Amino acid sequence: MAFAIMIRLLVACLPVACLRAPPPRPNFLLLMADDLGIGDIGCYGNRSLRTPNIDRLASEGVMLTQHLAASSLCTPSRAAFLTGRYPIRSGMTSARGHRVLQWAAGAGGLPPEEITFARILQEQGYVTGLLGKWHLGLSCSSATDFCHHPHRHGFSHFMGLPLGMMGDCAPPGGVWPPPPQLESWPSEKRAVLEQRLSWWARLFGAGAAGILITAVMMGSIIGHPFRLRVAAAILACVLAAVAILASVIAHHAGELVARADCFLMRGAEVTQQPLRLDRVTDMLLHEAEVFLSLHSDQPFLLLMSFLHTHIPLVTKPDFQGRSQHGVYGDNVEELDWMVGRLLSALDHLGLTENTLVYFTSDNGAWLEAGSLGGSNGVFRGGKGMGGWEGGFRVPGVFRFPGVLPEGRVVDEPTSLMDVFPTVVGLAGGALPEDREIDGRDLLPLLRGETPHSGHHILLHFCEIFLHAARFVQRDAGKTWKLHFMTPNPDPSAPGQACPSRGVCPCVGDIKEHDPPLLFELGADPGEMQPLLPGAEPALFEALHAVQWEHKRVIEGLGPSGTVRQQLGTLYNVWRPWLQPCCGAWCACDLE
Numbered sequence: 076m077a078f079a080i081m082i083r084l085l086v087a088c089l090p091v092a093c094l095r096a097p098p099p100r101p102n103f104l105l106l107m108a109d110d111l112g113i114g115d116i117g118c119y120g121n122r123s124l125r126t127p128n129i130d131r132l133a134s135e136g137v138m139l140t141q142h143l144a145a146s147s148l149c150t151p152s153r154a155a156f157l158t159g160r161y162p163i164r165s166g167m168t169s170a171r172g173h174r175v176l177q178w179a180a181g182a183g184g185l186p187p188e189e190i191t192f193a194r195i196l197q198e199q200g201y202v203t204g205l206l207g208k209w210h211l212g213l214s215c216s217s218a219t220d221f222c223h224h225p226h227r228h229g230f231s232h233f234m235g236l237p238l239g240m241m242g243d244c245a246p247p248g249g250v251w252p253p254p255p256q257l258e259s260w261p262s263e264k265r266a267v268l269e270q271r272l273s274w275w276a277r278l279f280g281a282g283a284a285g286i287l288i289t290a291v292m293m294g295s296i297i298g299h300p301f302r303l304r305v306a307a308a309i310l311a312c313v314l315a316a317v318a319i320l321a322s323v324i325a326h327h328a329g330e331l332v333a334r335a336d337c338f339l340m341r342g343a344e345v346t347q348q349p350l351r352l353d354r355v356t357d358m359l360l361h362e363a364e365v366f367l368s369l370h371s372d373q374p375f376l377l378l379m380s381f382l383h384t385h386i387p388l389v390t391k392p393d394f395q396g397r398s399q400h401g402v403y404g405d406n407v408e409e410l411d412w413m414v415g416r417l418l419s420a421l422d423h424l425g426l427t428e429n430t431l432v433y434f435t436s437d438n439g440a441w442l443e444a445g446s447l448g449g450s451n452g453v454f455r456g457g458k459g460m461g462g463w464e465g466g467f468r469v470p471g472v473f474r475f476p477g478v479l480p481e482g483r484v485v486d487e488p489t490s491l492m493d494v495f496p497t498v499v500g501l502a503g504g505a506l507p508e509d510r511e512i513d514g515r516d517l518l519p520l521l522r523g524e525t526p527h528s529g530h531h532i533l534l535h536f537c538e539i540f541l542h543a544a545r546f547v548q549r550d551a552g553k554t555w556k557l558h559f560m561t562p563n564p565d566p567s568a569p570g571q572a573c574p575s576r577g578v579c580p581c582v583g584d585i586k587e588h589d590p591p592l593l594f595e596l597g598a599d600p601g602e603m604q605p606l607l608p609g610a611e612p613a614l615f616e617a618l619h620a621v622q623w624e625h626k627r628v629i630e631g632l633g634p635s636g637t638v639r640q641q642l643g644t645l646y647n648v649w650r651p652w653l654q655p656c657c658g659a660w661c662a663c664d665l666e
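Everything in the sequence shown is counted per the numbering used here, starting at 76 for the first residue and increasing by one.
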């Protein structure tokens, strides 16, 4: 009898039946890793890296297995996450240009007219905070206008890096030495700067020598005025001085780039320049715990934007050498430890029951980094590699005790853009009516109130170019993936990557497919066996639907079909007058 009653209770306690209604004005703790592969986490199948805290989140909440970034690179992906819109709508893309913001002192960034979920929650009376990586711009025309700053986009509290972690933050001889097999961390700008400055030094040096020789020869030729010879000698000296200066700057390029881009801001003030790599993890973690403690009695939104697991893989000594996957694995396990510290802080403050926790990554793992990058599991490709699945499919874990079921796994197409309407809805806010929102409210899907996500089609852009798309055929229970373009990998490169170019290009050295490559992701998640177009009638339905959706998105950009591209060359170059500095030589430590 007791057994029968228990069975009836279990049957009655299906996902929706035993869940409480979401409380009004809950808290939000959003956790975003940097370049973390979906294959690096235990709950997504990794059996050699230890991620007990992220795994605990999944067991106590809902795990999404088809969670997708809106871009396979950080700047456009993060813009889409915050705004709920494809990055092409906000101009956080480029055409044949840089694909992410390159300099803290550039003029590009998330336009002030864009609306983030942080801004809406701020208007709802929430305390909002962002800690860690921003990478969505700072200023437009002066170093203090802060038109792209987190403050302008709804985050009342900010402490972090305007750009983010990168190889240039650890120059040769820096405080964070590279692994023994490397002379220095892979540099994203230092090598280019050194090369160009050295070229200019040689050019000016040759010019100075030529003019000086000419001046000497002029002295032996009758008819050349003395003043002309003096002017030539002065010009030669000026060119020589410029050559020497360029050579000196080239020699110190690493330090200069680190000061220009790798610095810490607290609010609108630069407080550490260059960044102290040996202290940054503890500082950000402490700041997060203080934020939670100070605002435990009022609704809050905290976006913890981790610097892990991006090169240079800054890892505390306690975690160095612990994992089975070298420097990268150590960094992943430290990331998991940080997640655990934040979950413990919620428990200690009695906030767990009233806080939605979300964990994800901005894009897939960077395969070109080799052993210094992560794993995308069975999925083909990685960060920046066209429309291949490995660059877009990311972890997606939600936990909200009592509101969301425990241990639920959802294999429906969802997007980082969905966080926008989900968070806004739970906070009691309203979605903007003057613009298209591409995200869909996830709450009914997470709670089990509906079996399907709100996405019938998702587009996968590379810069402004449509490389791929997925189409969900509900009646057949299939998810089709179409590739219109694919990158040409370097010959014999592992993982179909482009190590000679850093990331694969979106246009130019690519393959175009007409008809498009077709995969059914349920049977072939690794996109290894393209199907014959003639044998799959679904291709024509999918192609028509995707073309219509793409046309709708492009037409939504306005009469010209474009918006100002923030990552294009004009806005994505270093502008000295926009350079944030503290101290006379852009050097200080106020922390």
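Backbone N, C-alpha and C define an ideal beta-carbon position, used for all residues, glycine too. Here the structure is a predicted model, which is why all the values come from computation and not from measurement.
Beta carbon of residue i nearer than 7 Å to that of residue j
i	j	result
ALA108	HIS383	yes
ILE585	ILE163	no
LEU176	LYS208	no
ALA459	CYS579	One detail in the question is off: residue 459 reads as Gly in this sequence, not Ala. Their beta carbons are under 7 Å apart, which means GLY459 touches CYS579 by this criterion.
GLN395	ASP405	yes
GLY445	HIS535	no
HIS370	VAL202	yes
PRO562	GLU443	no
GLY159	ILE512	yes
GLY448	TRP441	yes
CYS661	ARG354	no
Any non-hydrogen atom of the ligand SAM closer than 6 Å to residue i Cβ
i	result
PRO562	Questions concerning the ligand SAM fall outside what the structure shown contains, since it holds no ligand whatsoever.
Bounding residues of the alpha helix (DSSP H) (the contiguous stretch that carries residue i)
i	result
GLN622	613-630
ASN128	127-134
LEU369	355-369
ASN406	401-423
ARG164	162-165
THR497	494-501
ARG341	That residue, ARG341, is in no alpha helix (DSSP H); its beta strand (DSSP E) goes 339-341.
ARG545	Not the alpha helix (DSSP H): ARG545 falls in the beta strand (DSSP E), residues 540-548.
LEU521	518-522
Per-residue DSSP class, three states only, for residue i
i	result
GLY466	helix
TRP555	strand
PHE475	coil
ILE585	strand
LEU191	Strictly speaking, residue 191 in this sequence is Thr, with Leu absent from that position. If DSSP states are grouped into helix, strand and coil, THR191 belongs with coil.
PHE156	helix
ASP513	coil
ASN121	coil
GLN347	strand
CYS573	coil
VAL332	helix
GLU487	coil
PHE594	strand
LEU196	helix
THR203	strand
GLU666	coil
Straight-line Cα distance separating residue j from residue i
i	j	result
CYS93	GLY477	8 Å
GLY415	SER147	27 Å
GLY456	LEU111	14 Å
GLU258	GLN571	Residue confidence is low: GLU258 scores 44 on pLDDT, short of 50, so the model does not pin down where it sits. Its coordinate-derived value is still stated next. About 26 Å.
PHE434	LEU139	11 Å
LEU667	LEU350	This structure cannot speak to residue 667, because the chain is shown only from 76 to 666.
GLU487	ARG174	28 Å
GLY583	LEU541	14 Å
GLU464	MET340	35 Å
GLY342	GLU364	17 Å
ALA568	SER436	25 Å
THR497	ASP516	5 Å
LEU653	CYS215	8 Å
ARG224	MET413	The sequence shown places His at residue 224, not Arg. Going by the C-alpha atoms only, they are around 26 Å apart.
LEU132	VAL494	17 Å
PRO127	GLY577	32 Å
HIS527	PRO186	33 Å
ARG171	GLY242	23 Å
Segment limits, beta strand (DSSP E) that includes residue i
i	result
LEU105	102-108
TYR433	430-436
GLY235	232-236
- Item | Touching by the beta-carbon criterion (3+ pairs, under 8 Å), the stretch 367-385 and the stretch 116-135 | no
- Message: Using 8 Å as the cut-off, can you tell me whether the stretch 194-202 makes contact with the stretch 226-234, which would need three or more C-beta pairs spanning the two stretches below that distance?
- Response: yes
- Message: Three or more C-beta pairs under 8 Å: does that hold for the stretch 638-647 against the stretch 164-184?
- Response: yes
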